[in-house]
Every structure is written in C-alpha cells, then in structure tokens.
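Colleague:
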Amino acid sequence: MSVLFGIVVGLALGLTGGGGSIFAVPLLIYGLDVAPHGAVAISLGAVAITAAFGAVEGLWRSIVERRAALILAAGGMAAAPVGVMVGDRLSEASVVAAFAALMLCVAARMIWRARTAPQESNIVRARPAPDAASDRGTVCRYSGDGRLRLNAPCSAALMAAGLVVGVLSGLFGVGGGFLIVPALMIVTEMGIHRAVATSLAVITLIGVSGLVSSVFAGREIDWSLTGLFVIGGVLGMAGGRVLARHLAGTTLQLILALAMVTVAVGMLVQNLLVA
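Note that the numbering used here has the sequence shown beginning at 23, numbered continuously upward.
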C-alpha cells in the first residue's frame, strides 16, 4: 500500500505539474494510519526525492534557472524549520484542519488556472517540452548574452516567496510547487517550462531541509515506509511523464481539483467527528 499510494502521488505530480504532492499527507494519515506529524515528515522526504527525479532532467536540459532557484531555496530552507516548529506547537486536529483548508485553496487555484490559462494544464513538471530550452523568459533582466542579472528588488521578492513556501512545506509536508511556479512567473516573467523545471530544484532543497528539521525535532519516522513511498513516487512520476502526453489537460486538472475538494471536505468532517 505504501508503494501504491506513492505511485498515486507521483502520478498526480507528473500529470498536473503542481499540486499533486498535496495528496501525500491525507493518504498517509487515512490510508496508512500514520500520525499527522509523522505523515508530514514522511511527505517531505518523499516529495523531495520525487522532485529531484524531475529536477535532474531539467538540469540536463539546461532549463533550470540556477541562481533564481538558489535564492528561492535559501529562503525556503531557512523557513522550513520554522514551519516544523510551528507544527509541533499545534494539535494534530489543528494541523489536519489547516491542511484541509490549504487543499481547498490549491483546488480553487487549479480550477481557476484551468479555466483562465488552459495551456498550462498540459505542462508536465518532470518532462518539459522539447523546445523548452529555447524559452529564455526574463528574470528581472537578462543581459545581451542571455545571462541573468539579479538586482536587489528581484532577489528580495524571490527570497520572500521562498520564506512563504518554506513555512508551508515544514508545516504541512507539501512541495510548494503550486506556489513556486506562479511566484516565478509573476516575479521573473519566465516561461512556464523554465518555471516548472526551476520549481523542482527548489522543492528538492526545501524538502530536504524540512525532513532534516523533522528528524532533529524528534518526530517518529517509519523509514521503511518512507522508502517504499518514495519508490512508488518515483515510479508514479515516470508513469506520469508518459501518460501526460495523452491525458494531461484541463479536464484532468479539474478532476484532480475536485478530488482535492472531496478529500479536504472528508478530512474536515472526520476532524469534527473525532472532536
């Protein structure tokens, strides 16, 4: 079941290009009976390694904006431990309720983007289109040779976005791609292909930071279950890369968003019943 649920998360991440990893925590809690705080820690590790699988391909294709990724990741890695500490001070019921609210927000954004920017629904996070390398975009400003010129306002905006993503990742165990991609496209005006590839590199670094913080915070982590979940995630990501050629689109995006709403409402109802 650990491998199966990992495959589900990997498939969702690979097919949608963002938001798929948010299924990890509810699957761990309700499918594998993992305590919420432990589920967050396991999700951090699984999401980080699954994202790394796609980031490597982005680096190989030279479409990861390394310096922008490092700035964003620096903010996220610094803030992820804060999210872990905040989570340790919240009750498990509070964490579940807040996570369900986050799922509703992500679902709402997916529905909105599917309707206003349907072309983005066809982007696969782990496998950019063949012409993605030609998408230079602009991160604040590029020099004539195509190299990024970072100024203070741009760096500050990227750092701020990283801080927000880091807190959410540490608190809820999510990758944060649903925030990183739009942040990169708004702050830097880079194209979607470059944004999703850069996002994967950021998610990997922030996820590792959150996982290490969880370990030092003394959270109980079932490493064998984590390993199986990661294996499933990588397999799912690989499968998503293939299936996305035929399935990815606005319809799939809407279906996954509705699935998020259903899961979130179920989590809230279950939380109220337990309380």
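Heads up, the beta-carbon is just placed ideally off N, CA and C, and yes, glycines get one too.
(1) Where L250 and N173 are concerned, what is the direct C-alpha to C-alpha distance, given to the nearest angstrom?
(2) Please classify P103 as buried or exposed, where buried requires at least 16 other C-beta atoms within 10 Å of its C-beta.
(3) Spell out whether any CB of chain C is found under 7 Å from the CB atom of G192.
(4) Can you give me the Cβ contacts of S221 inside the same chain, cut-off strictly under 6 Å, excluding the 5 residues immediately before and after it?
(5) So V106 packs on G192, CB below 8 Å; how close in whole Å?
(6) Quick check on DSSP: helix, strand or coil for D110?
(7) Quick one, which of A239, L265, A139 and I85 has its alpha-carbon nearest A219's?
(8) In three-state DSSP terms, what is E87?
(9) Mind checking which residues open and close the alpha helix (DSSP H) that includes T72?
(10) Touch check for the region 228 to 240 and the region 59 to 75: three-plus C-beta pairs under 8 Å?
(11) Let me check understanding here. Comparing Cα to Cα, which of A129, V256, V285 and A115 lies closest to A279?
(12) Does the region 114 to 131 come into contact with the region 282 to 295, if we say contact requires no fewer than three beta-carbon pairs (one atom in each stretch) closer than 8 Å?
(13) Between the Cα of L112 and those of L247, A91, H59 and E87, spot the shortest distance and give me the residue it belongs to.
(14) Once DSSP output is grouped into helix, strand and coil, what is the label at G184?
(15) Helix, strand or coil: how does DSSP classify V196 here?
(16) In angstroms, rounded to a whole number, what distance separates the CA positions of V31 and M259?
(17) So the candidates are R137, G188 and A183; which of them puts its Cα closest to the Cα of T273?
(18) In whole angstroms, give me the CA-to-CA distance for R149 and I225.
(19) Hey, could you find the ends of the alpha helix (DSSP H) T210 is sitting in?
(20) Identify the continuous alpha helix (DSSP H) that holds L50 and give its terminal residues.
(21) So, are the CB atoms of A77 and A223 less than 7 Å apart?
(22) Which of the three DSSP states, helix, strand or coil, is assigned to N293?
(23) How many Å lie between W82 and V252 at the Cα?
(24) Once you ignore the five residues that flank A91 on each side, which residues in its own chain have a CB closer than 7 Å to its CB?
(25) State yes or no: is the C-beta of A115 within less than 7 Å of the C-beta of N293?
(26) Report buried or exposed for R241, applying the criterion of at least 16 other Cβ atoms within 10 angstroms of its Cβ.
(27) DSSP state of G159, grouped into three classes?
Modeller: This is what the structure holds:
(1) Numbered from its first residue, the sequence shown carries residue 250 at position 228. Numbered from its first residue, the sequence shown carries residue 173 at position 151. Near 43 Å, if we compare the C-alpha coordinates of N173 and L250.
(2) Locating residue 103 in the sequence shown gives position 81, where the first residue counts as 1. The residue is buried, with at least 16 neighbouring Cβ atoms inside 10 Å.
(3) This model lacks chain C altogether, as it is built from one protein chain only.
(4) As a first step, residue 221 is located in the sequence shown; it is residue number 199 there, counting from the start. So the list reads G199, I202 and V203, once near-sequence residues are dropped.
(5) For the purposes of this step, residue 106 is taken as residue 84 along the sequence shown, with counting starting at 1. For the purposes of this step, residue 192 is taken as residue 170 along the sequence shown, with counting starting at 1. Going by Cβ atoms, the distance from V106 to G192 rounds to 4 Å, so yes, they are a contact pair.
(6) The residue you call residue 110 lines up with position 88 of the sequence shown. The answer is helix: DSSP assigns D110 an H, G or I state.
(7) The count along the sequence shown starts at 1 and reaches residue 219 at position 197. The shortest Cα separation from A219 among A239, L265, A139 and I85 belongs to I85.
(8) Numbered from 1 along the sequence shown, position 65 holds the residue referred to as residue 87. Three-state result, E87: coil.
(9) Here residue 72 refers to the residue found at position 50 of the sequence shown. P58 to W82 is the extent of the alpha helix (DSSP H) around T72.
(10) yes
(11) Here the question's residue 279 lines up with position 257 in the sequence shown. The residue among A129, V256, V285 and A115 with its C-alpha nearest the C-alpha of A279 is A129.
(12) Short answer: they touch.
(13) Along the sequence shown, read from residue 1 onward, the residue named residue 112 stands at position 90. Minimum Cα distance to L112 is reached at H59.
(14) Within the sequence shown, numbered from 1, the residue matching residue 184 stands at position 162. Helix at G184.
(15) Translated into the one-based positions of the sequence shown, residue 196 becomes position 174. It is coil, neither helix nor strand.
(16) Residue mapping note: residue 31 aligns to position 9 of the sequence shown, counting from 1. Residue mapping note: residue 259 aligns to position 237 of the sequence shown, counting from 1. When rounded, the distance between both Cα atoms is 8 Å.
(17) To locate residue 273, count along the sequence shown from 1; it is residue 251. If we check each option's Cα against that of T273, R137 comes out closest.
(18) Taking the sequence shown and counting its residues from 1, the one referred to as residue 149 is at position 127. Taking the sequence shown and counting its residues from 1, the one referred to as residue 225 is at position 203. Because the pLDDT at R149 is just 42, under 50, the model does not fix this residue reliably, and the point stays unresolved.
(19) Counting from one through the sequence shown, the residue named residue 210 turns up at place 188. For T210, there is no enclosing alpha helix (DSSP H), as DSSP marks it with neither H nor E.
(20) In the sequence shown, residue 50 corresponds to position 28, counting from 1. Here L50 belongs to no alpha helix (DSSP H), and DSSP marks it neither H nor E.
(21) To locate residue 77, count along the sequence shown from 1; it is residue 55. To locate residue 223, count along the sequence shown from 1; it is residue 201. Inclusion of A77 and A223 in the CB contact set at 7 Å is warranted, their separation being smaller than that value.
(22) Sequence index remark: in the sequence shown, residue 293 carries index 271 (1-based). Here N293 sits in helix by DSSP.
(23) Working through the sequence shown from its first residue, we reach residue 82 at position 60. Working through the sequence shown from its first residue, we reach residue 252 at position 230. Straight-line Cα distance between these residues: approximately 22 Å.
(24) For the purposes of this step, residue 91 is taken as residue 69 along the sequence shown, with counting starting at 1. Its chain contains T220, A223 and V224 as the residues whose beta carbon lies nearer than 7 Å to that of A91, once the 5 sequence neighbours on both sides are disregarded; these appear in chain order.
(25) For the purposes of this step, residue 115 is taken as residue 93 along the sequence shown, with counting starting at 1. For the purposes of this step, residue 293 is taken as residue 271 along the sequence shown, with counting starting at 1. Yes; because the gap between Cβ atoms is below 7 Å, this pair is in contact.
(26) Indexing the sequence shown from 1 puts residue 241 at position 219. R241 should be labelled buried.
(27) Translated into positions along the sequence shown, residue 159 becomes position 137. In this predicted model, G159 has a pLDDT of only 44, less than 50, meaning its place in the structure is not dependable; the value taken from the coordinates is given anyway. Reduced to three states, the DSSP call for G159 is coil.
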